[in-house]
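First the structure, in the form of structure tokens, and then the observations on it.
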Amino acid sequence: TEPAWVNYLHHIAAGLLIFTLGLFCWVVFADYAQPGETQPASMAQRLRAWWASALDKLKTDAPGRLYLSCGFLVFASGALALYTGVWPTTWSSGWPSLYLFEAIAVIAFGVAWITAGLAGVTTSRQSDRDDAPELAKAG
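Count along the sequence shown starting at 1, add 594, and that's the number in our numbering.
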């Protein structure tokens, strides 16, 4: 068996990876930046704008709902994986709950990734960059 520090290092690295995958679902795929609008200056204003946009997407945008749901599933599964891996409980012993929760997180991210790829999702920042070469030729 490995030393305890290897176990903790694995959980820290896996936690950071799963957190990043969740952020991709919530921020990149759902594209909360409103095209054509400037980004709010303060962090509090950014969080309010993000929250308002998330609520709007939950009400009106089916792909946005999928990305938000997948992001929630990634975060929840990642939290359960960390919890059962670092502090094993009676309900999680005897079966590979850590790996199951990690797999659920990665599969949820994969669903969002494939859906975004098939839908051809571009972020507002990406569309700005795509226009840059044409603007340079026109100038």
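Note that the Cβ used here is the ideal one computed from N, Cα and C, for glycine as well.
In the DSSP assignment, residue 608 falls within the unbroken alpha helix (DSSP H) covering 598-617. Nearest to residue 694 by alpha-carbon distance, out of 652, 677, 713, is 677. With contact defined as three or more Cβ pairs closer than 8 Å, the region 651-667 and the region 598-613 are not in contact. Here residue 661 is buried, its C-beta having at least 16 other C-beta atoms within 10 Å.
The region 600-607 and the region 663-680 touch, with no fewer than 3 CB-CB distances between them shorter than 8 Å.
Ranked by Cα distance from residue 618, the first of 687, 707, 601, 685 is 707.
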